[in-house]
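2 protein chains.
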Amino acid sequence: MPIRLSIEAEDFETRFRALLAGKREVSEDVDQIVRDIIEDVRRRGDAAVIDFTNRFDRLQAVSIAELTVTEAEIEAAIASVDSATLDALKLARDRIHAHHARQMPKDDRYTDALGVELGSIWTAVEAVGLYVPGGLASYPSSVLMNAVPAKVAGVERIAMVVPSPDGVLNPLVLAAARVAGVTEIYRIGGAQAIAALAYGTESIAPVAKIVGPGNAFVAAAKRRVFGTVGIDMIAGPSEVLIVADGENNPDWLAADLLAQAEHDPAAQSILITTDATLADAVEAAVDRQLRTLPRGDVAGASWRDYGAVITVRSLDEALPLVNRIAPEHLELAVADPEALLKGVRNAGAVFLGHHTPEAIGDYVGGSNHVLPTARSARFSSGLSVLDFVKRTSILRCNAQNLKALGPAAIALGEAEGLGAHARSVSIRLNLG
Amino acid sequence: MPIRLSIEAEDFETRFRALLAGKREVSEDVDQIVRDIIEDVRRRGDAAVIDFTNRFDRLQAVSIAELTVTEAEIEAAIASVDSATLDALKLARDRIHAHHARQMPKDDRYTDALGVELGSIWTAVEAVGLYVPGGLASYPSSVLMNAVPAKVAGVERIAMVVPSPDGVLNPLVLAAARVAGVTEIYRIGGAQAIAALAYGTESIAPVAKIVGPGNAFVAAAKRRVFGTVGIDMIAGPSEVLIVADGENNPDWLAADLLAQAEHDPAAQSILITTDATLADAVEAAVDRQLRTLPRGDVAGASWRDYGAVITVRSLDEALPLVNRIAPEHLELAVADPEALLKGVRNAGAVFLGHHTPEAIGDYVGGSNHVLPTARSARFSSGLSVLDFVKRTSILRCNAQNLKALGPAAIALGEAEGLGAHARSVSIRLNLG
Numbered sequence: 001m002p003i004r005l006s007i008e009a010e011d012f013e014t015r016f017r018a019l020l021a022g023k024r025e026v027s028e029d030v031d032q033i034v035r036d037i038i039e040d041v042r043r044r045g046d047a048a049v050i051d052f053t054n055r056f057d058r059l060q061a062v063s064i065a066e067l068t069v070t071e072a073e074i075e076a077a078i079a080s081v082d083s084a085t086l087d088a089l090k091l092a093r094d095r096i097h098a099h100h101a102r103q104m105p106k107d108d109r110y111t112d113a114l115g116v117e118l119g120s121i122w123t124a125v126e127a128v129g130l131y132v133p134g135g136l137a138s139y140p141s142s143v144l145m146n147a148v149p150a151k152v153a154g155v156e157r158i159a160m161v162v163p164s165p166d167g168v169l170n171p172l173v174l175a176a177a178r179v180a181g182v183t184e185i186y187r188i189g190g191a192q193a194i195a196a197l198a199y200g201t202e203s204i205a206p207v208a209k210i211v212g213p214g215n216a217f218v219a220a221a222k223r224r225v226f227g228t229v230g231i232d233m234i235a236g237p238s239e240v241l242i243v244a245d246g247e248n249n250p251d252w253l254a255a256d257l258l259a260q261a262e263h264d265p266a267a268q269s270i271l272i273t274t275d276a277t278l279a280d281a282v283e284a285a286v287d288r289q290l291r292t293l294p295r296g297d298v299a300g301a302s303w304r305d306y307g308a309v310i311t312v313r314s315l316d317e318a319l320p321l322v323n324r325i326a327p328e329h330l331e332l333a334v335a336d337p338e339a340l341l342k343g344v345r346n347a348g349a350v351f352l353g354h355h356t357p358e359a360i361g362d363y364v365g366g367s368n369h370v371l372p373t374a375r376s377a378r379f380s381s382g383l384s385v386l387d388f389v390k391r392t393s394i395l396r397c398n399a400q401n402l403k404a405l406g407p408a409a410i411a412l413g414e415a416e417g418l419g420a421h422a423r424s425v426s427i428r429l430n431l432g
Numbered sequence: 001m002p003i004r005l006s007i008e009a010e011d012f013e014t015r016f017r018a019l020l021a022g023k024r025e026v027s028e029d030v031d032q033i034v035r036d037i038i039e040d041v042r043r044r045g046d047a048a049v050i051d052f053t054n055r056f057d058r059l060q061a062v063s064i065a066e067l068t069v070t071e072a073e074i075e076a077a078i079a080s081v082d083s084a085t086l087d088a089l090k091l092a093r094d095r096i097h098a099h100h101a102r103q104m105p106k107d108d109r110y111t112d113a114l115g116v117e118l119g120s121i122w123t124a125v126e127a128v129g130l131y132v133p134g135g136l137a138s139y140p141s142s143v144l145m146n147a148v149p150a151k152v153a154g155v156e157r158i159a160m161v162v163p164s165p166d167g168v169l170n171p172l173v174l175a176a177a178r179v180a181g182v183t184e185i186y187r188i189g190g191a192q193a194i195a196a197l198a199y200g201t202e203s204i205a206p207v208a209k210i211v212g213p214g215n216a217f218v219a220a221a222k223r224r225v226f227g228t229v230g231i232d233m234i235a236g237p238s239e240v241l242i243v244a245d246g247e248n249n250p251d252w253l254a255a256d257l258l259a260q261a262e263h264d265p266a267a268q269s270i271l272i273t274t275d276a277t278l279a280d281a282v283e284a285a286v287d288r289q290l291r292t293l294p295r296g297d298v299a300g301a302s303w304r305d306y307g308a309v310i311t312v313r314s315l316d317e318a319l320p321l322v323n324r325i326a327p328e329h330l331e332l333a334v335a336d337p338e339a340l341l342k343g344v345r346n347a348g349a350v351f352l353g354h355h356t357p358e359a360i361g362d363y364v365g366g367s368n369h370v371l372p373t374a375r376s377a378r379f380s381s382g383l384s385v386l387d388f389v390k391r392t393s394i395l396r397c398n399a400q401n402l403k404a405l406g407p408a409a410i411a412l413g414e415a416e417g418l419g420a421h422a423r424s425v426s427i428r429l430n431l432g
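So the protein lines, in turn, are chains A and B.
Counting in the numbering used here, the first sequence runs from 1 upward without gaps.
Counting in the numbering used here, the second sequence runs from 1 upward without gaps.
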């Protein structure tokens, strides 16, 4: 049973705080293993990558060339995908591309009132590594969500790594990589793949940034190489928060709660509603739908262990709770979602009205499905084109405006005890 | 002596690679100590913060109130600052504000050809913690560079922490905090301050993001609380790369190289020039200026241990080296810096022409001086308003466009084995 809270209960604040503080992530301590793997890849390059891959994925490769996915393999994968699914991938790609193209920041060069030239110019990261998990969590949609924004940003090289345990690769993942414009694919995974991307080997050129989800080993490896390369956020288990007024179809809301819960036993689905009768009906619908769900065991465990239903007296009362939860996904299943949206401060993505199930955003809405989890929407954003570009500041003084600004710079340099700072200005003003 | 490389030498590539790979950071292993301090602050709150502060900063405080900087103390600090320096702080604040206001991203709501409503809306982080080091590295300019962008972004609460060893606080830092709009100041530092900001105590409300430079303990604490709160990048030692043609005043370039070197014995100053005679003259000028520099010992050690002078045959030949170094600060001391700028891909900030010493950018240029170090300009940017806002994606379908997009979402959900994803769409299309 999910927990049930009422804002009218005396212990509400205590129980709500406990809900916020609840840990859903199991943190495995794999740091020592990961450190050794990374060191070995740095030392032995290709040979180490091949050894770890053969051992962990039960292969007998003798070269990185053998672990490189060929054009023919990609073509074969695409040929094996039914045309409806391939068309769906292309529709998703086109919609993601169109939405993300609007995020491309513009250069800004200008001259201020003093005549000083300033500016910000944006350039794409030169090479990006994209990690794709093997096995069950090998999602083609994630390939699109990570690779298409990089492509839009102008990244020239997108190197994908995906483990192939026992030689098995998901053909849909290869198809998605082709559709998204990935430029090279290696059949490697784990910390050894992250190390190869970060430091490079004889056969694999290093990248400047690594993105994409992975297991505890991958996450630990990403944390460890951070600084040498950029990384995206380390994603936690997925979450949805649905805010619903009384006018809702309980079956629709139950389906949405379960769509989140089926990801992972540690996923979290929360319903906040003004209507206790609806709350009961949704709980009943969840139980009903669980019986016929292919991943009912996963979804059921998530709903039982982390699900929550909260009743409030008004939608206004719901807003502070929404902002404290800072959900990855927020559905506003209410008559006037725009009005409620005005009060939303912390959320990764918001789905408005009754006809926008979160799953649309996972696939074909166009916005990104890589979003901040575990309350990090308080300080961070979903993946976007901005993650694949960087800004360079521009400054240009001439002799005249250096004369105007120089004395203040000299004063501050001297106040900070940085004499060479002051001198680098004064020497140009014939002052020192 | 700094190293001297010529691109014409046979071993150039080997030696240039060694320069790139050179480590300048001493990584102290303080992680265990930091972990214990953070755990204690989480457990005992105020009492732990007070204990650590009394111990490390040699104080006898009995409450957080006593460690909170009062209005009267700020006023007294401002009164003690000479008016030229105070005016310089205000000029810097105004110029930083004006430049950063241009970085504020705009909301983007639109309806696509299918009638789907999409968008991105930006909101400010609610509360930010600003770490300011005590002692020598307590720079008022850094307070401005961190706090003003937060203010521009619309952050309501900016909580500053600054240790006061033996009770001593730099009055300029308090003046800068007031000028920048910091809303509260605590006389605490180290890992205990980071823990208090991240988790909150009885007296200190938690923040959502922590920015600002600090020593090894602060850096380790920031890494550890990352996830619970956002953090800015962990800055390494500062660097400048100057690209110069033959038409330069060697004394000016020497002053600029030393302005970087005086920050830290681990700072790095590099000159790339087309003119070997100029290179000799700059080296001689550095030696001369070192004799009269207040921080000559620091600057001299940096120049000796990490300085480099590289001669190239043409400016075109310099560009690939610039982009591989990916410097924090890049001065283009050449006749046509705009032409050269077109080829710059990786740099934190670029200073154009002969009258823009980097120190102008440290103080009063208007752009931010918190910039990516240690080659991280390949994948990251300087501090900006974007670090204090976050983006929420918006998606809204109606019954009609859900019908258009739904089948593709169902196909992908089923292809990924996520039945509840598919059902959350099909149930609204009366398909399931």
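Built from N, CA and C at the ideal position, the CB exists for glycine as well.
Small disclaimer: the values here were computed from a predicted structure and weren't measured.
Taking 4 residues as the minimum length, the alpha helix (DSSP H) runs contained wholly in the stretch 281 to 335 of chain B are 296 to 306, 315 to 325, in order along the chain. In this structure the stretch 345 to 361 of chain A does not lie against the stretch 123 to 135 of chain A, because fewer than three pairs of beta carbons, one per stretch, are closer than 8 Å. Per DSSP, the unbroken alpha helix (DSSP H) holding lysine 151/A starts and ends at 140 to 153. Beta-bridge partners of valine 211/A (DSSP): Leu130/A. A straight line joining the alpha-carbon of isoleucine 270/A with that of proline 163/B spans about 42 Å. Residues of the stretch 141 to 153 of chain A whose Cβ lies closer than 7 Å to any Cβ of chain B, in chain order: Ser141. Residue environment: tyrosine 110/A is assigned as exposed (fewer than 16 neighbouring CB atoms within 10 Å of its CB, all protein chains considered).
In this structure, glycine 406/A sits away from proline 294/B, with a CB-CB distance that is not shorter than 8 Å.
For serine 203/A, the nearest beta carbon of chain B is not closer than 8 Å to its own beta carbon. In the three-state scheme derived from DSSP, where H, G and I count as helix and E and B as strand, glutamate 117/A is classed as strand. Under the 10 Å beta carbon count, glutamate 156/B is surrounded by fewer than 16 other beta carbons and is classified as exposed. For asparagine 248/B, no CB of chain A lies under 8 Å from its own CB, so it is not counted at the interface with that chain.
Legend: CB atoms of the stretch 366 to 388 of chain B lying less than 8 Å from CB atoms of chain A belong to residues Gly366, Ser367, Asn368, Leu371, Pro372, Ala374, Ser376, Ala377, Arg378, Phe379, Ser380, Ser381, Gly382, Ser384, Leu386.
At a cut-off of 8 Å between beta carbons, threonine 356/B contacts chain A. Across the structure, phenylalanine 388/A and alanine 147/B are spaced so that their CA atoms are roughly 26 Å apart. Per the C-alpha coordinates, the member of Glu39/A, Thr85/A, Ala267/A positioned closest to valine 179/A is Thr85/A.
Contact annotation: the stretch 10 to 19 of chain B does not touch the stretch 393 to 411 of chain B, with fewer than three C-beta pairs closer than 8 Å. As far as DSSP is concerned, isoleucine 427/A takes part in no beta bridge. With contacts defined by Cβ atoms closer than 8 Å, valine 225/B and alanine 205/B do not form a contacting pair.
Secondary structure in the stretch 14 to 59 of chain B: the alpha helix (DSSP H) runs of 4 residues or longer, each lying completely within the stretch, are 31 to 44, 46 to 57 in chain order. Counting the other CB atoms within 10 Å of its CB gives methionine 160/B a total of 16 or more, which places it among the buried residues. Within chain A, no C-beta atom comes nearer than 9 Å to that of alanine 216/B; the closest sits roughly 14 Å away.
Out of Leu59/B, Arg24/B, Phe56/B, Glu331/B, the CA that lies nearest to the CA of leucine 257/B is found in Glu331/B. Taking 8 Å as the threshold, the shortest C-beta distance from alanine 420/B to chain A falls below it. Taking a contact to require three or more Cβ pairs closer than 8 Å, the stretch 317 to 333 of chain A and the stretch 280 to 293 of chain A do not qualify as touching. DSSP places arginine 178/B inside the alpha helix (DSSP H), whose first and last residues are 171 to 180. Note that the stretch 182 to 201 of chain A touches the stretch 214 to 222 of chain A; at least 3 beta-carbon pairs, one per stretch, sit closer than 8 Å. Beta-carbon to beta-carbon, glycine 348/B and threonine 123/A are separated by about 12 Å, too far to satisfy the 8 Å threshold. Taking the CA atoms as reference points, leucine 321/A sits about 11 Å from glycine 343/A.
When CB distances to chain B are screened at a threshold of 7 Å, the residues of the stretch 392 to 412 of chain A falling below it are Thr392, Ser393, Ile394, Leu395, Arg396, Cys397, Asn398, Ala399, Leu402, Leu405, Ala408, Ala409, Ala411, Leu412, in chain order.
Of the residues Asp305/B, His263/B, Gly246/B, the one whose Cα lies closest to the Cα of threonine 277/B is Gly246/B.
Aspartate 87/A is positioned such that its CB atom lies no closer than 8 Å to that of isoleucine 64/A. Where aspartate 108/B is concerned, the enclosing beta strand (DSSP E) starts and stops at 108 to 111. Taking a C-beta distance under 8 Å as the contact criterion, proline 2/A and glycine 307/A qualify as a contact pair. 8 Å or more divides the Cβ of asparagine 170/B from the Cβ of serine 141/B. Proximity of chain A to histidine 99/B at the Cβ level (cut-off 7 Å) is accounted for by Leu118, in chain order.
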